[in-house]
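Notes follow the structure.
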Amino acid sequence: MLTVYNSLTHEKEIFTPLIPNKIRMYVCGMTVYDYCHVGHARVMVVFDMITRYLRAIGYEVIYVRNITDIDDKIIQRAIENQEDMNQLTARFIQAMHEDADALGVMRPDHEPRATESIAEIIEIIQQLFHNGYAYQADNGDVYYAVNKFKDYGKLSGKKIDELRAGERVEVEQAKQDPLDFVLWKTAKPQEPAWDSPWGKGRPGWHIECSAMSTHCLGNHFDIHGGGQDLQFPHHENEIAQSEGATGEPFVNYWIHNGFVRVNEEKMSKSLGNFFTVREVLKAYPPEVLRYFILASHYRSPLNYSDQNLDTARQALTRLYTALRGLSATENLPEDNEYRQRFHQVMQDDFNTPEALAILFELAHEINKHRSTDFNQAQKLAGELRYLAAMLGLLQTDSENFLQGETEGLSAATIENMIQQRNAARTAKNWKESDRLRDELKAQGIVLEDGAQGTTWRKI
RNA sequence: GGCUGAAUGGCAGAAUGGCUAUGCAGCGGCCUGCAAAGCCGUGGAUGUCGGUUCGAUUCCGGCUUCAGCCUCCA
Numbered sequence: 001m002l003t004v005y006n007s008l009t010h011e012k013e014i015f016t017p018l019i020p021n022k023i024r025m026y027v028c029g030m031t032v033y034d035y036c037h038v039g040h041a042r043v044m045v046v047f048d049m050i051t052r053y054l055r056a057i058g059y060e061v062i063y064v065r066n067i068t069d070i071d072d073k074i075i076q077r078a079i080e081n082q083e084d085m086n087q088l089t090a091r092f093i094q095a096m097h098e099d100a101d102a103l104g105v106m107r108p109d110h111e112p113r114a115t116e117s118i119a120e121i122i123e124i125i126q127q128l129f130h131n132g133y134a135y136q137a138d139n140g141d142v143y144y145a146v147n148k149f150k151d152y153g154k155l156s157g158k159k160i161d162e163l164r165a166g167e168r169v170e171v172e173q174a175k176q177d178p179l180d181f182v183l184w185k186t187a188k189p190q191e192p193a194w195d196s197p198w199g200k201g202r203p204g205w206h207i208e209c210s211a212m213s214t215h216c217l218g219n220h221f222d223i224h225g226g227g228q229d230l231q232f233p234h235h236e237n238e239i240a241q242s243e244g245a246t247g248e249p250f251v252n253y254w255i256h257n258g259f260v261r262v263n264e265e266k267m268s269k270s271l272g273n274f275f276t277v278r279e280v281l282k283a284y285p286p287e288v289l290r291y292f293i294l295a296s297h298y299r300s301p302l303n304y305s306d307q308n309l310d311t312a313r314q315a316l317t318r319l320y321t322a323l324r325g326l327s328a329t330e331n332l333p334e335d336n337e338y339r340q341r342f343h344q345v346m347q348d349d350f351n352t353p354e355a356l357a358i359l360f361e362l363a364h365e366i367n368k369h370r371s372t373d374f375n376q377a378q379k380l381a382g383e384l385r386y387l388a389a390m391l392g393l394l395q396t397d398s399e400n401f402l403q404g405e406t407e408g409l410s411a412a413t414i415e416n417m418i419q420q421r422n423a424a425r426t427a428k429n430w431k432e433s434d435r436l437r438d439e440l441k442a443q444g445i446v447l448e449d450g451a452q453g454t455t456w457r458k459i
């Protein structure tokens, strides 16, 4: 039985899809005017984990994650760069895909782009006009009349009156109500624009998600996800738009992941305290970043620091060390205690920290058995890889992870030095053998003398 | 000011009305030429004040502190 925390009700709920065995999920993706930072990585990894897990337990999942490729910041950045807007977005879409691939994030089934969904956007705005939720102001912009939508605030727990009381936005004169938000923006000269019944312009931010999600998944679907910061106003507005246009319930389960923090402060573009994914990947293998993200529950804050990434690397090293020398192709054991517990914790709102703890217990068992009952160790290793796959972890070869790309010393050089050292050891020339070991250590290579000979790994 | 959420051992991070989280770090031992890895053992925690209870870190209330949203943000 799968339970999921629903932001709409603030409770863990038993998950029931609208269509048996089929899950339709939409996640708000990136605005592509810059490189992805760790906060974006968290969204990608978390919903990738969720998708993998849902598929692993037998659901057919249609996963949609949009790309926002038209918005104020993109236009502004293109001007700053003196770059064609489409060229700019194409560059960062490619960079995003590279980052996602590195992190083991599978591509969504659909990746709709705002600029390719203009027809759907216009259609839904027309529907909003028809239902009395939209109006065109004197300046030509089209707005959503928030006070027409009865349930406004149901996701974020905000009340319209309180929002008004706390109003501190500069009021756009054209709006009937300060809370109204734009559906269609009239184009200024030089700005990218599309034809519409309301003149040349471009879509507001919120409407694209309503248009793309319902277009890809239907008016009413199962899961809508994104970062916590989108809960208000973005997702609140999406509900108002979608339900206002279709007259149907929009989404059953809202899933929001927590923020990444730096020194107890939200990592964000506006604060400028962000680390891009590619920056982090210069210092750490991508799987370490993925592990780091999954080592906290998706709704908890995640504190970014080198120390925490170092710990993640050590933890992952322990798992890979347990798998070392054991083939992954062995037959899986029958259903067992570990697997049952793994599913139990994962089905409790995707508790990946608990799931990882179970993987460590497996690693421990493997280590205990490997010298006494190799066959059993082999089976447990198969189980470990099988369960880790549901999290998108431990999918590479142990040696690959432990030895990695050897910068500086080549594998051949290292092997050569190991041979020299072993010759010295045979001659009981400890001074020389220790010297060679220290020399390798200075290059970041650790030697381990085992029963089957000497192995090495990177620190 | 309004609304969310959080406070767990040296660090990270789960869980639970009474019972081992887990990883890293520490300590003792085994293994090793010495190490490393691994194994065995071990110390150490629930912000604060009340309440409910036989018993609360866990439930309820107050307080303090922190983060977030209320403006673009994953």
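The numbering of the first sequence is the working numbering, which starts it at 1 and goes up by one. Ideal placement from N, C-alpha and C gives every residue a C-beta, glycine not left out. Note that the structure is a prediction, hence the values are computed from the model and not measured.
Reduced DSSP category for residue i - H, G, I as helix; E, B as strand; rest coil
i, result
"residue 25", "strand"
"residue 17", "coil"
"residue 62", "strand"
"residue 302", "strand"
"residue 379", "helix"
"residue 87", "helix"
"residue 42", "helix"
"residue 110", "strand"
"residue 370", "coil"
"residue 262", "strand"
"residue 412", "helix"
"residue 351", "coil"
"residue 448", "strand"
"residue 334", "coil"
"residue 427", "coil"
"residue 76", "helix"
"residue 5", "strand"
"residue 131", "coil"
"residue 251", "strand"
"residue 37", "strand"
"residue 125", "helix"
"residue 67", "strand"
"residue 31", "strand"
Residue i vs residue j beta-carbon contact at 8 Å
i, j, result
"residue 323", "residue 409", "no"
"residue 414", "residue 445", "yes"
"residue 184", "residue 141", "yes"
"residue 104", "residue 339", "no"
"residue 424", "residue 440", "no"
"residue 192", "residue 220", "no"
"residue 356", "residue 49", "no"
"residue 212", "residue 120", "yes"
"residue 4", "residue 255", "yes"
"residue 138", "residue 174", "yes"
"residue 218", "residue 257", "no"
"residue 32", "residue 294", "no"
"residue 182", "residue 143", "yes"
"residue 402", "residue 457", "yes"
"residue 332", "residue 386", "yes"
"residue 131", "residue 245", "yes"
"residue 222", "residue 23", "yes"
Exposure of residue i, with buried meaning 16 or more beta-carbon neighbours within 10 Å
i, result
"residue 274", "buried"
"residue 430", "exposed"
"residue 241", "buried"
"residue 224", "buried"
"residue 39", "buried"
"residue 478", "Look at the range of the chain in this structure, 1 to 459, and you will see that residue 478 is not part of it."
"residue 378", "buried"
"residue 463", "Examination of residue 463 is not possible in this model, given that the chain is present from 1 through 459 alone."
"residue 270", "exposed"
"residue 371", "exposed"
"residue 7", "buried"
"residue 388", "buried"
"residue 426", "exposed"
"residue 51", "buried"
"residue 10", "exposed"
"residue 237", "buried"
Whole-number beta carbon distance between residue j and residue i, since they are thought to touch under 8 Å
i, j, result
"residue 25", "residue 63", "5 Å"
"residue 36", "residue 99", "5 Å"
"residue 304", "residue 267", "6 Å"
"residue 66", "residue 243", "Contact flag wrong, Cβ pair sits at about 19 Å."
"residue 126", "residue 197", "7 Å"
"residue 336", "residue 345", "Going by Cβ atoms, the distance from residue 336 to residue 345 rounds to 15 Å, so no, they are not a contact pair."
Residue i Cβ short of 7 Å to the ligand HEM heavy atom set
i, result
"residue 438", "Looking for the ligand HEM in the displayed structure turns up nothing, as the structure carries no ligands at all."
**Report entry** Runs of beta strand (DSSP E) lying entirely within the segment 139-200, each at least 3 residues, in chain order
**Finding:** You should have 142-144 and 181-186.
Query raised in the report: Can you give, in chain order, each stretch of the alpha helix (DSSP H) that sits fully within the segment 191-245 and has at least 4 residues?
Result: Runs of the alpha helix (DSSP H) spanning 4 or more residues and lying entirely within the segment 191-245 occur at 205-217, in chain order.
Report task. Let me know the beta strand (DSSP E) ranges lying completely inside the segment 276-320, each 3 residues or longer, listed in chain order. Result -> Within the segment 276-320, complete beta strand (DSSP E) segments of at least 3 residues are found at 302-304, given in chain order.
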